[in-house]
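Colleague: This is the structure I have questions about; it appears just below.
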Amino acid sequence: MQKLAAAIQDAAKKLLDDQKVDLVVGFARGSLPLRSTPGFIRKSCDAGKLTWDYSCENNLANYLRKREGKVAVVAKGCDTRAIVALIKENQINRDNLYIIGVPCSGMIDRNKADELLDGKELLEVEDKGDTLVLKGKGFAVEAKLADLCHDTCKTCCYGTPVVYDMLIGEPVPAKAEDNFDDVRAFEAKSPAERKKMLAEDLSKCIRCYACRNACPMCYCPECFVDCSTPVWIEKAPDTADNMLFQSVRVLHLAGRCVDCGACDRACPMGINLRGITRKMVKEVKELFGYEAGVNMEDKPALNEFTADDPQPFLVKE
Amino acid sequence: MQRNPYLPLPMKLVKNFTETEDKLIHTFTFEYLSEEDEKSFPYMPGQFAEICVFGKGEAPFGIASSPTEPGHLKFSVAKVGVVSTALHMMEEGTIVGMRGPLGNYYPLEQMKGKNVVIIGGGFAFTTLRSLATYMLKPEHRGDYGNLTVIYGARNPGLLLYKEELAEWDKRSDIDLVCTIDRPVEGWSGRVGFIPNVTKEVSPSSDNAVAIICGPPVMIKFTMPVLEECGFKPEQVIMSLENRMKCGIGMCGRCNVGSKYVCKDGPVFTRAELNQLPNEY
Amino acid sequence: MIISKSAISGLLDKLIAEYQVYAPVKEGAYSLFKQIKSGSEADFSNKNSKIPPKGILFPQSEKLFSYSVTPEGARVDECVDSAQKVIFGVRPCDAKSLLLLDNVFKNDKYEDPYYLTRRANTILVGMGCNDPAATCFCTSMNTGPFDSTGMDLLLVDTGDNYVVEAVSDKGRELAAKLGLAAAGDADNAAAAKVKEAAEVACQVTTEGLKAKLDGNFYDEIWDRVHEKCLGCGSCTYSCPTCHCFDIVDDAVDCNGCRIRNWDSCMYPLFTLHGSGHNPRTGGKERMRQRVMHKFKYFVDNFNATACVGCGRCIKNCPVNLDIREVLADILGSEARDK
Amino acid sequence: MLGSGIAGIQASLDLAESGYYVYLVEKQPAIGGTMPMLDKTFPTNDCSMCILSPKLVDCGRHLNIQTLTNSELVDLQGEPGNFKATINTKARFVDPDKCTGCGSCAEECPVKVDDEFNQGLGKRKAIYKLYAQAYPNAYAIDQTKCLKIKKPKACGKCLEACQAGAIDHTMQDQTIELQIGSVILVPGFEAFDAGQLSYYGYGKLPNVITSLEFERILSASGPFGGHLIRPSDHKEPQKVAWIQCVGSRNCRIEHGYCSSVCCMYAIKEAVIAKEHTPYELDTAIFFMDMRTYGKEFEKYYDRAKNEHGVRFIRSRVYEITDTFDGSGNVKIRYANEDGTISEEIFDLAVLSIGLEPPKDIVELAGKLGIELNKYNFAEPTSLTGVGTNKPGIYVAGAFSGPRDIPETVMQASAAAGDSAAMLSEARGTLVKKKEYPAERDVAGERVRTGVFICHCGINIGSVVKVPDVVEYAKTLPGVVFSDEKMYACSQDTAGQIKEAIEKYNLNRVVVASCSPRTHEPMFQETLKEAGLNANLFEMANIRDQCSWVHQSEPEKATEKAKDLVKMAVTKASLLEPLQGISLGMNHDALVIGGGVSGMNAALNLAKQGYKVSLVEKSQSLGGIANRIRYGMKGEDVPTYVAGLVAQIDANPLVNVFTGVEIAEAHGFVGNFVTKLSSGVEFQHGVTIIATGGEEYKPNEYLYGQNDKVKTLLEMEADLADGKLAKAKNIVFIQCVGSRDDERPYCSRICCTKSIKQALKIKETNPEANVFILYRDIRTYGFYEEMYTEARRKGVIFVRYAVDKKPVVEAAGDKVRVTVTDHVLGVPLIIEADAVGLAAAVVPVENNKLSQFFKVPLNQDGFFLEAHMKLRPVDFGTDGVFMCGLAHGPKNLEENVAQAKAAVARACTVLAKESIDVEGKCAMVNKKKCVGCGVCEDVCPAKAIAVDATEKVAVVNEALCKGCGACSSSCRCGALNVKGCTNEQIMAMISAL
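Those protein sequences? They're chains V, E, L and F, same order as listed. Per the numbering used here, the very first residue in the first sequence carries number 31; after that it's consecutive. Per the numbering used here, the very first residue in the second sequence carries number -16; after that it's consecutive. Per the numbering used here, the very first residue in the third sequence carries number -6; after that it's consecutive. Per the numbering used here, the very first residue in the fourth sequence carries number 32; after that it's consecutive.
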């Protein structure tokens, strides 16, 4: 980790020194344990602020749209997938972007740590390689990294960046293909059960739109929830409207969602948003054999129509 | 506790009049349903009200009528949003809600004994009409000195209150200067943009106040002209048009610096505005 | 006065019989203030609730009135909630925040009957913070872990008991009604000891902040501090003093109701005028508004900072944009006003 | 236009759109021909009626097409350009102008008659409409069956039922004379009467049916509502067999031609039948050669075999007999390829009956002086595609030889093209243009909606309480007038609507009646006539979507009708007048490719008076035809090509550019700008792509290594130059580079071409042994006669299996060809003097043009037409057309026809003075657009693109069809279709 951080700092320093880029977007140390924060480095003397550890969970692709000048970004696999998807949508000019790819084998889920500590406050973390020691006032709990890992990262098969100009660190070993067990378990439930489950979860929503804003692919200048002509949805955090909000969000992400889990991580209320987005990811993959942002060549699934397109999704069970 | 400021007063639309030739501005006349209602709505020129179209929502509009014209309220509204569009389509006889009067008003007390220069552009002439009408009322006219009104629009068809303008033109106690942007056949008045016409008229700043409402670009270029004429920021009065919802200084939408445009405004002197960040 | 911890549940049940009682309820790893139907639902183990209790007095979505229109007029029925409420276990920061909100909902010209009615009918039973969180900076924001300002009663956790301090007449009445036993000197001493021991480790320098903000509206610091902000509303919605709202109609034809919903100055459409003009176009302007409003405009108007140091925005921010760091950055920046 | 099937409709539309007035003469009481009877169409499985219906409506409503139903030509006199035609119109007994098609009369009519439209599988009444979507949408009385016509005092129930007063039993036949310039003969075909072949048991065995009957069974509008059952006992069949070549390829009954369409329709029926059944249906097709030679057909065949599990049994069926077990099942006895006999029992046998000319055609041909071939088809004169022996009379469709729908449509357009070329001087002289009063400016006016609720006779009125709905409508916002109408679509109601618009100063009109698909244009016309913008109209479908489906719940239906009206009124209040735009039109054409197709296209365009730029990338004109010596029927191709080149050179309107390519092309219909590689730049209004094809250079069978192995084109040259005179053993190998994994299509022409060459060899040297090694012989249409002749003359046909391809080895001065004979099952070794490889037809590199003109290619690299069936030479992109081998393999005759078709289609564009686009197009809200480009990808008309600098989508209104694909894909809500905006749709939903 330390080595990787140093390599990232060196890379950033060199890019800025050589005036290849005007800005490096990376991760900086956060103000809380197990947290990093996006860092914007413009002077090579500030490159030392960049860091790399298990908390670099934010998707930095969010900061690359509408940028002037040349920008470098520190990108994990999921960041690069979002970058690829955004390039395809004309949102990022690849020529002006330098990608410092960093293979990632999974980031830590703070909520899991919180649950493990059952509300006790985490004050310090000691990294012991495969395990972390979570410390607070009067306690120290050792937890396996794998147990604290985000669910997103567990199923992610694209830990190694799919596109980069420079790769720091070793590619992560290939994983078994995502078999969407979570989605299948959800699908196995009866429609009534599914509805109940979603309603319970989404009743917690406070409509802060952190999920939407954290999503690298949600970038409409005016989100449908804000539209007044027509009013698609009421703004009050009513469960039915919350469900509508997420349903439409998922539809808008069909064939675009890169399954980075940013929505899930951003939600202050701990709603399992990824459970909803992944259903669509699975449908698109199964029906069209398409995964968003995994390469520069494929055309987004819903951008093209062929007579052979499968149609079962049009048919109600 | 005082009256619930969120509750609208029902009023009846008695006239939905197409004011401009592009049909985008209508003038609405609303009547009170009772005398008590009228008493509960004491207003002054420069104030605004939230008109509520039931089923669509409410939106703030400056009151174009003057308290000297009892029995009704008048607004001139451009068709831009959901509420204004609904208003434009509204049948006469329909009930709407009226919330107000809201905001402060033109400083009529401080203006007493002074010469008044009113400068308006386009459809921002509404509360200025209220003001001029108020001052032209015989019992008020004596309180003020010379009254100069400079009013312009893109073309004659876009001028508001054409009949009244014609009447004012005939009067000797008001100096009305109407102007349009470009020459049009049949127009015998002035031609030119407001800043230039103001320069030509060159109103004296001695013992005077200037009240100016119009599109941002007009204000931007007229300000230096007024400055040249010697108007100090304290002598220039403006009315802001921020987005508002509650109208009572709570919802935070029209907050500019430490002021709420709805509650502390919308009327500010240039001097007051100079103290605020330019977020309006 | 004193209550043993084991008696709390029964005490709450007693209150429930007479009041709508709100208390922290555990939801997974966090807790939320909810109306409880039984004393056993309450749980005071978390440091503070995920979302502040302000929503009890100023709900995220509330019906202002309903209406029906006829050709002759309109029938308008206001929906003011005058139920008697008790918020039990409110922390000092949140109690303080309600005092701040009072300024907003009763300004120099207008009174908001919805908030004020609820406020008048609500008793705040506060609970001190023996062990403030690392994100707490209340002491820097004119309050503290046992500051009882704004409360009616204050509970101090002395281990097995809560030592109860009456703060207001309303509090005294409630205590009398509940027939709370008097605390012994030992208990009071224990309480005093707890209070003393409570330490807010985090200190945010506010000295000179207001002066700085008075002159740095056009400073380039604003170009930097907002940069990582995603523009969501998780900070404003978890802030006990944020109070921006929107008013909408929900109607079929001419019968419907007017509703007010929380809104956020961080949303781009918040200030968008019907003409298309937006005085605050970008993230920078909106971030500046949020900071300015809390630390300057509110101070200008009410002589108090609209921040109580509860730290929720720090915890809830998806990108760890820490208000403490923002304030430090602002203070450390070179003033360069236009 | 004699005949109103798809050929007559297409040719009429092409001509009418190109500035000519058309009389469309049809014997039946409705236009449409055979297509309405079909269920789905191959190879796209489109619903036949669904794709035809818009053309029916366009044709029926066209101001410059006069439809004469129940009519026949009785005489034709005069000269080309100035004929006098006498038409006899039989009495219909129903005034089509008054009849609204409501159907009340038929409900009351007591006489039931076998319904010929449903192949006698169902019943109709004596007063009837041919089919539901028929044009004219009017009933007719079957004179022979009507009780009242027989006895004037009898019956008369229909008279009582008809509230429109449209029925008149005393109507008389009428004869009219027309002055016309040309005649297009498109009478279509009749189905072979399978009863003639007693061994198939048709007419005797109830479960032997014809393919056309099977179409009706499959059809949702058919007698069983699309439920697959045996008509005899309504049992669901488990096993269905198709017997091919019933009445085709049969010299004994003088049907020695191939009917061309049966293989494909049988596969289609088998596949669709499987889709119809919830259970696993066993389907088997008994065939001799599988003739899937058309574009995308081979893939369809492969899918049927491999994905759908249709069984294909190469065989000859001897007879079909009863199983005599009371099950009604049938036993099929057939010979396998190796001569063994098998039997199999099926629940149902479908006879794939062939096509034959209409019986009464001989008489008509006599009147016209048209020569027919021995089967009484009118084969076009050589290399004309559509010509007859009589100038000014053209032929198209199945009557010119059995053919499928796309080829029929192509030929119809070609006939229109030739006809237009002949009459070009008269273009625009007879066409009518409707004039409307000046449009009232309603902008900014308060909404004043008029609502008209239709009873549709009893269709709506008997279920929905119309007066209640009328009263309800009056309470809706903006409604100032509401009224009921017996028939909202009748002529007098149109007048009343106009009056109401004036009297009540209406500025929005809502009609609650039937489907906007059929009736909206008519009501919009009424608005225009009343001086209102057509887009201030909104329709609620309270018949199809309400009274019909809720017949048993009248109260709920009335409530629903109110809701539907409320939604329509709500949407109407948000409607704004839309103005179409008019853009300049350049009347020049660009033809890319100087082969036979390109030259024919250029010449035909020039004949119609248009300036043409003809661009050929090689140094000289002629294309691949320069290598062809003989036509399929022995025509002298070099002379023909030389003649074309001479005509091109002599024509002042054709500007030829050789040795250059297209370097750049921009713009859109009417406004293209093209730059050539030579730097020349010019503007043009339309583009015809005729880039041709090439002969595949084989890698197999020693080609290129042994000079005895040649391609067919090389063989042809040797043959013509006498180089094969001494060859004793000559082998042709079919499907070289076709029908394989790399090129999974049939090259269509090779079988015929090989046989043509074999016959040529036999002609010069009868002693020569000619072997044709094949997989399926695909001599479609009349080329079957050549196959028959070749066999008769001793050409040896040896079938090989695709997994046992022939082996070619060098053997001294000969070539040894080894092939396993299927009949004998033993290897056959031929010491050949020459081997001709039937090499595939392959496309040229077309990617650049595809990008320049925004037109797609199919997987094989040929250009992909706008619609396989009905727009075979058009592209989705307006103003761009194609013909020739660029479209797919075909022979010279077919290329000529297609070239003319492309011109006819192009002329419908060129004839316009300007590009007029209706207002209902997409619009972009730039503030909401992020320029993500989804709209660009999904737009079928290529009418929207992201501006590279502004990063927002920009709509080309000239190209936009208003389909809404972009707006429904735009997640940002930046795209809306004018007249159907998100806001309007949401308002409708919210109104509920």
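Backbone N, C-alpha and C fix where the C-beta goes; we use that ideal spot for every residue, glycine too.
Between residue 191(V) and residue 565(F), what straight-line distance do the alpha-carbon atoms span, to the nearest angstrom?
Modeller: Between residue 191(V) and residue 565(F), the C-alpha separation is close to 56 angstroms.
Colleague: Give the residues from the region 1 to 22 of chain E that approach chain F closer than 7 angstroms (Cβ to any Cβ), ordered along the chain.
Modeller: Residues 1, 6, 7.
Colleague: For residue 312(L) and chain E, any beta-carbon pair shorter than 7 angstroms?
Modeller: Answer no: the Cβ-Cβ gap between residue 312(L) and chain E never drops below 7 angstroms.
Colleague: Given residue 69(L), which residues of its chain have a CB within under 6 angstroms of its CB, disregarding the five upstream and five downstream residues?
Modeller: Hits under 6 angstroms: 58, 60.
Colleague: I believe residue 1033(F) touches residue 599(F) by the beta-carbon criterion, under 8 angstroms. Please report the beta-carbon distance rounded to the nearest angstrom.
Modeller: Residue coverage of chain F in this structure runs from 32 to 1023, which leaves residue 1033(F) outside it and unanswerable.
Colleague: How would you list, in chain order, the residues of chain F whose beta-carbon sits under 9 angstroms from the beta-carbon of residue -1(E)?
Modeller: Within 9 angstroms Cβ-Cβ: 477.
Colleague: How would you write the range of the beta strand (DSSP E) that residue 874(F) sits in, first residue to last?
Modeller: Note, residue 874(F): beta strand (DSSP E), 872 to 874.
Colleague: So which of 276(L), 23(L), 84(L) has the shortest CA-CA distance to residue 141(V)?
Modeller: Of the candidates 276(L), 23(L), 84(L), the one whose C-alpha sits nearest the C-alpha of residue 141(V) is 23(L).
Colleague: What is the DSSP secondary structure of residue 140(E), counted as helix, strand or coil?
Modeller: Residue state, collapsed to three classes: helix.
Colleague: Assuming contact is defined by CB atoms lying nearer than 7 angstroms, are residue 169(F) and residue 130(F) in contact in what I supplied?
Modeller: Contact flag set, yes.
Colleague: Taking the alpha carbon of residue 216(V) as the point to measure from, which residue in 302(V), 242(V), 251(V), 331(V) has its own alpha carbon closest?
Modeller: Out of 302(V), 242(V), 251(V), 331(V), 302(V) has the C-alpha closest to the C-alpha of residue 216(V).
Colleague: Which residues share a DSSP beta bridge with residue 458(F)?
Modeller: Residue 458(F) is not bridged to any residue.
Colleague: Can you name the residues of chain F whose CB is closer than 8 angstroms to the CB of residue 252(V)?
Modeller: The answer, in chain order, is 958, 959, 1003, 1004.
Colleague: Ignoring anything shorter than 3 residues or poking outside the region 47 to 121 of chain F, list the beta strand (DSSP E) runs there in chain order.
Modeller: Whole beta strand (DSSP E) segments, 3+ residues: 53 to 56, 96 to 99, 102 to 110, 113 to 120.
Colleague: At which residues does the beta strand (DSSP E) containing residue 210(F) begin and terminate?
Modeller: Its beta strand (DSSP E) spans residues 205 to 211.
Colleague: Where residue 213(V) and residue 280(V) are concerned, what is the direct C-alpha to C-alpha distance, given to the nearest angstrom?
Modeller: Cα-Cα distance, rounded: 14 angstroms.
Colleague: Along the region 287 to 303 of chain L, where does the CB come closer than 7 angstroms to a CB of chain V? Name the residues.
Modeller: Those residues of the region 287 to 303 of chain L that come within reach of chain V (Cβ to Cβ, closer than 7 angstroms) do not exist; the list is empty.
Colleague: Let me see if you follow: with CB-CB separation under 7 angstroms, is residue 214(L) close to chain E or not?
Modeller: With 7 angstroms as the cut-off, residue 214(L) does not count as an interface residue toward chain E.
Colleague: Which bits of chain A does residue 225(F) rub up against, with CB to CB less than 9 angstroms?
Modeller: No chain A appears in the structure shown, which is made up of the protein chains V, E, L and F.
Colleague: Compare the C-alpha of residue 40(V) against each of 115(V), 66(V), 80(V) and name the closest.
Modeller: Closest option to residue 40(V), Cα to Cα, is 80(V).
Colleague: Among 187(F), 560(F), 426(F), 593(F), which has the Cα closest to the Cα of residue 483(F)?
Modeller: Among 187(F), 560(F), 426(F), 593(F), the Cα nearest to that of residue 483(F) is on 593(F).
Colleague: For residue 60(L), which residues in chain E fall below 7 angstroms Cβ to Cβ?
Modeller: Per Cβ cutoff of 7 angstroms: 37.
Colleague: Work out the CA separation of residue 793(F) and residue 746(F) for me, nearest whole Å.
Modeller: Cα to Cα, residue 746(F) sits roughly 14 angstroms from residue 793(F).
Colleague: Closer than 7 angstroms by C-beta to residue 256(L): which residues in its own chain qualify, once you throw out the five before and the five after it? Chain order, please.
Modeller: Hits under 7 angstroms: 237, 238, 239, 263.
Colleague: Determine the direct distance from the alpha carbon of residue 50(V) to that of residue 177(V), and round the result to whole angstroms.
Modeller: Using only the alpha carbons, I get a separation of about 40 angstroms.
Colleague: Tell me the DSSP bridge mates of residue 877(F)?
Modeller: For residue 877(F), which the question treats as bridged, DSSP gives no partner whatsoever.
Colleague: If we cut at 7 angstroms on Cβ distances, does residue 221(E) have a partner in chain F?
Modeller: Not an interface residue.
Colleague: When the cut-off is 7 angstroms and only beta carbons count, does residue 153(L) lie next to chain E?
Modeller: Not an interface residue.
Colleague: According to DSSP, simplified to helix, strand and coil, what is residue 258(E)?
Modeller: It is coil, neither helix nor strand.
Colleague: Along the chain, where does the alpha helix (DSSP H) that runs through residue 929(F) open and close?
Modeller: From DSSP, the alpha helix (DSSP H) with residue 929(F) extends over 923 to 941.
Colleague: Determine the direct distance from the alpha carbon of residue 213(L) to that of residue 329(L), and round the result to whole angstroms.
Modeller: The predicted position of residue 329(L) is uncertain, since its pLDDT is 46 and thus under 50; no value can be drawn from it.
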